[in-house]
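Residues in the sequence shown are numbered from 1323 upward in steps of one, following the numbering used here. The beta carbon of each residue, even a glycine, is placed where N, CA and C say it ideally should be. Since the model is a prediction, treat every value here as computed from it, not as a measurement. Below you'll find the structure, written out as structure tokens, and then a few comments.
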Amino acid sequence: MPNKQQRTVKPVTQIAAQTRASVASRCAGRENSINIMPKLQKQLTPAQQKTRKKAKIERQKKYMWVFMNGMQVRVKRPSMIGGIRQDEWIVQSADPIWVHQNEMWEVLNSRGTEDEECPF
1323 MPNKQQRTVK PVTQIAAQTR ASVASRCAGR ENSINIMPKL QKQLTPAQQK TRKKAKIERQ
1383 KKYMWVFMNG MQVRVKRPSM IGGIRQDEWI VQSADPIWVH QNEMWEVLNS RGTEDEECPF
């Protein structure tokens, strides 16, 4: 029988087991989430790398990043005709009659101030 002055030393494995048990009890439903080593990410095959790169390029062509309400948001890019945005192309090359039929009055007014020549 050991004296009160003497202390018994627990083996390291017992201490480790008690520590794991106390941590596991604190992490109620997450017993399996205690990892000593992080999981390593698997290397992609060259074919997978090519497909990911192609998908990224397609995404960059289709979408662009803008700031809305202080957050960065991905939105679709505006459609282009000959490297010019669609609405600008319409303003530049649309017939005055077509513009009038589609009720684009601001385009007609801006053309009227630029071109003083009136065909009527």
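In the three-state reduction of the DSSP assignment, ILE1358 falls in the coil class, being assigned neither a helical nor a strand state.
Taking a C-beta distance under 7 Å as the contact criterion, ARG1374 and TYR1385 do not qualify as a contact pair.
Counting only runs of 3+ residues, the beta strand (DSSP E) found wholly inside the segment 1389–1422 occupies 1393–1398, in chain order. Taking the Cα positions, GLN1370 is about 29 Å away from VAL1388.
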